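Protein chains: 2
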Amino acid sequence: MTQAFLPNRQQNKRSESEAAILRAAEAVFAEAGFGGATMREIAERAGLPKTNVHYYFATKEELYRRVVSDIFEIWLQAASSFDEASTPAEGIGAYIDAKMDLSRSHPDASRVWATEVMHGAPIIQDYLETTLVEWTEGRMASIQAWIDAGQMDPINPRYLMYMIWATTQHYADFAHQIETLNRNTPMSDAQWDEAKATVRRILLRGLGIAI
Amino acid sequence: MTQAFLPNRQQNKRSESEAAILRAAEAVFAEAGFGGATMREIAERAGLPKTNVHYYFATKEELYRRVVSDIFEIWLQAASSFDEASTPAEGIGAYIDAKMDLSRSHPDASRVWATEVMHGAPIIQDYLETTLVEWTEGRMASIQAWIDAGQMDPINPRYLMYMIWATTQHYADFAHQIETLNRNTPMSDAQWDEAKATVRRILLRGLGIAI
DNA sequence: GGAGAACCTGACCGTTTGGTCAAGACTTTG
DNA sequence: CAAAGTCTTGACCAAACGGTCAGGTTCTCC
Chain A
1103 MTQAFLPNRQ QNKRSESEAA ILRAAEAVFA EAGFGGATMR EIAERAGLPK TNVHYYFATK
1163 EELYRRVVSD IFEIWLQAAS SFDEASTPAE GIGAYIDAKM DLSRSHPDAS RVWATEVMHG
1223 APIIQDYLET TLVEWTEGRM ASIQAWIDAG QMDPINPRYL MYMIWATTQH YADFAHQIET
1283 LNRNTPMSDA QWDEAKATVR RILLRGLGIA I
Chain B
1103 MTQAFLPNRQ QNKRSESEAA ILRAAEAVFA EAGFGGATMR EIAERAGLPK TNVHYYFATK
1163 EELYRRVVSD IFEIWLQAAS SFDEASTPAE GIGAYIDAKM DLSRSHPDAS RVWATEVMHG
1223 APIIQDYLET TLVEWTEGRM ASIQAWIDAG QMDPINPRYL MYMIWATTQH YADFAHQIET
1283 LNRNTPMSDA QWDEAKATVR RILLRGLGIA I
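Here the protein sequences line up with chains A and B, keeping their order. Everything in the first sequence is counted per the working numbering, starting at 1103 for the first residue and increasing by one. Everything in the second sequence is counted per the working numbering, starting at 1103 for the first residue and increasing by one.
Written as structure tokens, this is what we have:
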């Protein structure tokens, strides 16, 4: 069915179709959740017959799993800045900025992730228990080191991580509510910059980090 | 069908059945979203035949709307402390505490709300545009008054509201993820207190409010 | 150019869904 | 106790769902 080595032309077609399906699936899953999404809708948005979608992804669950794990990769990569920084102002500040940028560039991804977790992570529980646990403990250790060096206030790094995730992802997950409260207008670039600066400022000052 | 004035005994039965259905519905909608929830499942959890559920709530959408608007009421009432306070330390601090308590006592409610908003608020858009807009502007005015009085740092009250909502609701919406990261153990009372204190401390200090 | 693999698709299927219906049981009221 | 309203229920239905299948088309490689 799926061959490891394909000629160029077919490989392009495959990746194009797959990519179109994945894009459509991300949007539909984000809007309707796993249960509310239909393969019909995904196929239509991808511009393909439903049967063709099943050619690339045998089941709805397989497609969903692929969408969610792609998102997971993006999330993890957003934190590279964390380790390259020597001061908490740089490290935490850059992480906040990176997460805020992701909330604007990939809001659907954030919503799919949020829905999956809210429903008990039935599909990606194994990722949570392994990769996310390890990743989180690594970042917590970095924060603890800054605390031990007296570079920021002593707080439990765990609850700081949650605060950063919550505040930044909120702008993706609750974008519709935010837009409604903004006179039914999407946030402008200026508003976005102000929101980003406000989040950054309050968090850093709240941690006793000079800015 | 539904009578305004019923004898006591029947009124009790009605309210009991309705309440059981609403409880079950909140849990099922929280777990599966609107699309993934089934009337069968809701009926089973309420301990009633499916037909009986339809006797009280004609359609799935009507039941859902009732669940969501009940939640909306709870949310709004959580902010009474806001206006009764004279200092931002009291007002904002008490609001954070109240929202954190709600995240622990009514996590399903928060998850249903989050799912509804994430999917574009197809059912309760009118609430958002009227009640929530008014309510939010009222609280923003209170915050602005504290800023003008020099009692806290000058930040845009709007983005502060979002931060408070995000950080507190995160503990309900992402409870499953938090539990997984906590060695698959629900947060203990002590951990909860620490999380609450951390959120409160970081936000208040971040706003330049002495604590 | 022909064999074989990869890709595409319309028709179809069993299951589950939200919702209906008609008939029976219980409660209240005269 | 009987009539009227309220509540409960098993059987049923059309529609929509995820998924299958067999047959056709396109591409690559020898």
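Cβ coordinates follow ideal geometry from the N, Cα and C atoms, glycine included. All values derive from a computational prediction rather than experimental measurement.
### Query
Just curious, the alpha helix (DSSP H) that Ala1145 of chain B is in, first and last residue?
1141-1148
### Query
In terms of residues, what are the limits of the alpha helix (DSSP H) holding Glu1296 of chain A?
1291-1308
### Query
What in chain A is Cβ-close to Ile1280 of chain B, meaning under 8 Å?
Tyr1264
### Task
Starting from the Cα of Gly1222 of chain B, find the closest Cα among A:Gly1135, A:Leu1234, A:Ala1126 and give me that residue.
Among A:Gly1135, A:Leu1234, A:Ala1126, the Cα nearest to that of Gly1222 of chain B belongs to A:Gly1135.
### Query
Are the region 1251-1267 of chain A and the region 1202-1210 of chain B in contact at 8 Å, needing three or more beta carbon pairs?
no
### Query
Does Phe1136 of chain B get closer than 9 Å to chain A when you measure Cβ to Cβ?
yes
### Query
Within the 9 Å Cβ cut-off, does Arg1260 of chain A reach chain B?
yes
### Uninterrupted alpha helix (DSSP H) stretches inside the region 1217-1291 of chain B (no shorter than 4 residues)
1235-1250, 1259-1275, 1277-1283
### Contact residues within the region 1292-1308 of chain B, judged by C-beta distance below 8 Å to chain A
Glu1296, Ala1297, Thr1300, Val1301, Arg1303, Ile1304, Leu1305, Leu1306, Arg1307, Gly1308
### Message
Rounding to the nearest angstrom, what Cα-Cα distance links Arg1147 of chain B and Val1169 of chain B in this structure?
### Response
15 Å
### Message
Tell me the DSSP secondary structure of Phe1159 of chain B in three-state form.
### Response
coil
### Query
Does Met1202 of chain A come within less than 9 Å of chain B when only Cβ atoms are used?
no
### Query
DSSP on Thr1153 of chain B, reduced to helix/strand/coil?
helix
### Message
In this structure, how does DSSP classify Ala1312 of chain B when only helix, strand and coil are distinguished?
### Response
Coil.
#### Entry: At least 3 beta-carbon pairs within less than 8 Å: the region 1229-1246 of chain B vs the region 1280-1292 of chain B
In this structure the region 1229-1246 of chain B does not touch the region 1280-1292 of chain B; the number of beta carbon pairs closer than 8 Å is below three.
### Query
Is the CB-CB distance between Leu1165 of chain B and Phe1159 of chain B below 9 Å?
yes
### Task
Output yes or no for whether 9 Å exceeds the beta carbon distance between Gly1310 of chain A and Asp1250 of chain A.
no
### Task
Check each residue of the region 1143-1171 of chain B: if its Cβ is closer than 8 Å to any Cβ of chain A, include it; give the result in chain order.
none
### Task
Using a cut-off of 8 Å between C-beta atoms, extract the partners of Trp1267 of chain A located in chain B.
His1272, Phe1276
### Task
Output the distance between the C-alpha atoms of Arg1142 of chain A and Ala1200 of chain B, rounded to the nearest integer angstrom.
43 Å
### Message
Across the region 1180-1188 of chain A and the region 1273-1290 of chain A, are there enough close Cβ pairs to call them in contact, namely three or more that are closer than 8 Å?
### Response
no
### Query
Which term fits Ile1313 of chain B, buried or exposed, when burial requires 16 or more other beta carbons within 10 angstroms of its beta carbon?
exposed
### Task
Using a cut-off of 7 Å between C-beta atoms, extract the partners of Thr1189 of chain A located in chain B.
Think of a sphere of 7 Å around the beta carbon of Thr1189 of chain A: no beta carbon from chain B falls inside it, the nearest being about 18 Å out.
### Task
With a threshold of 16 other CB atoms inside 10 Å of the CB of Glu1118 of chain B, please say whether the residue is buried or exposed.
exposed
### Query
Just reading off the alpha helix (DSSP H) that Ser1205 of chain B is part of, what are its end residues?
1190-1207
### Message
Could you check whether the Cβ of Arg1213 of chain B sits closer than 9 Å to any Cβ belonging to chain A?
### Response
yes
### Query
For Pro1190 of chain A versus Gln1253 of chain A, is the C-beta distance shorter than 9 Å?
yes
### Selected residue, minimal CA-CA separation from Arg1303 of chain A, among A:Asp1275, A:Ala1277, A:Pro1288, A:Thr1269
Cα-wise, what sits closest to Arg1303 of chain A is A:Thr1269.
### Query
In whole angstroms, what is the alpha-carbon distance linking Ile1226 of chain B and Asp1275 of chain A?
Straight-line spacing of the CA atoms in Ile1226 of chain B and Asp1275 of chain A works out to 16 Å.
### Cβ of Ile1194 of chain A within 9 Å of any chain B Cβ
no
### Message
Assuming contact is defined by CB atoms lying nearer than 9 Å, are Tyr1273 of chain A and Met1220 of chain A in contact in what I supplied?
### Response
no
### Query
For the candidate residues B:Glu1296, B:Lys1298, B:Ala1297, B:Ala1277, whose alpha-carbon lies nearest to that of Pro1288 of chain B?
B:Ala1277
### Message
Applying the 10 Å Cβ sphere with the 16-neighbour rule, what's the burial state of Ala1106 of chain A?
### Response
Residue confidence is low: Ala1106 of chain A scores 42 on pLDDT, short of 50, so the model does not pin down where it sits. Its coordinate-derived value is still stated next. Looking at its Cβ environment, which holds fewer than 16 other Cβ atoms inside 10 Å, Ala1106 of chain A is exposed.
### Query
So which residues of chain B does Ala1180 of chain A contact, with C-beta pairs closer than 9 Å?
By Cβ distance, chain B contributes nothing, its closest Cβ being about 16 Å from Ala1180 of chain A, past 9 Å.
### Query
For Thr1104 of chain B, which of helix, strand or coil comes out of DSSP?
Reliability of the predicted coordinates at Thr1104 of chain B is poor, the pLDDT of 39 falling under 50, and no value is obtained from them.
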